Amino acid sequence: MERYCCLSNLRINSKVDEQFSEYYPFETTIIEQLVSIESEKRSSLERLLSMFAKVTQQRMKKQHNNTKMIIEQLRAKLRDRD
1 MERYCCLSNL RINSKVDEQF SEYYPFETTI IEQLVSIESE KRSSLERLLS MFAKVTQQRM
61 KKQHNNTKMI IEQLRAKLRD RD
């Protein structure tokens with residue numbers, strides 16, 4: 001029933017559920033563009049793919065940086081123990 005309500009609101013208001021928006025801001029932007037009534041607000045496939053590639057790269061870079069940071073922290077702990 002909850003899914004039905006969310007989809008109905010999306011169709012009627014062209015807006016995604018607030019809780020979903022908080023957790024998935026990028027996905028919310030894409031969904032709202034795709035369901036927009038005004039055709040000029042709907043993104044082309046090329047633009048969507050470009051946006052997706054950019055965000056994916058940023059996420060991968062962030063994850064890589066986090067991994068490097070964790071490795072450095074673990075190395076520092078090991079050095080402290082020695």
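For the sequence shown, the working numbering assigns the number 1 to the initial residue and increments by one for each residue that follows. Glycine included, every Cβ here is placed at the ideal spot set by N, Cα and C. Since the model is a prediction, treat every value here as computed from it, not as a measurement.
Tell me, to the nearest whole angstrom, how far the beta carbon of residue i is from that of residue j; I am working on the premise that it is less than 8 Å.
i: V55; j: F26; result: 5 Å
i: S50; j: V35; result: Between V35 and S50 the Cβ distance is about 20 Å, and since that is not below 8 Å, they are no contact.
i: V16; j: I31; result: 5 Å
i: Q57; j: S43; result: Their Cβ separation, rounded to whole angstroms, is 18 Å, which puts Q57 and S43 out of contact at 8 Å.
DSSP three-state call for residue i: helix, strand or coil?
i: I37; result: coil
i: D80; result: helix
i: Y23; result: helix
Of the choices the options, whose alpha-carbon is the least far from that of residue i?
i: R59; options: Q33, N13, K77, Y24; result: Y24
i: L48; options: Y4, T28, Q63, C6; result: T28
Near residue i, which residues of its chain fall below 6 Å by C-beta distance, leaving aside the five closest residues on each side in sequence?
i: A76; result: none
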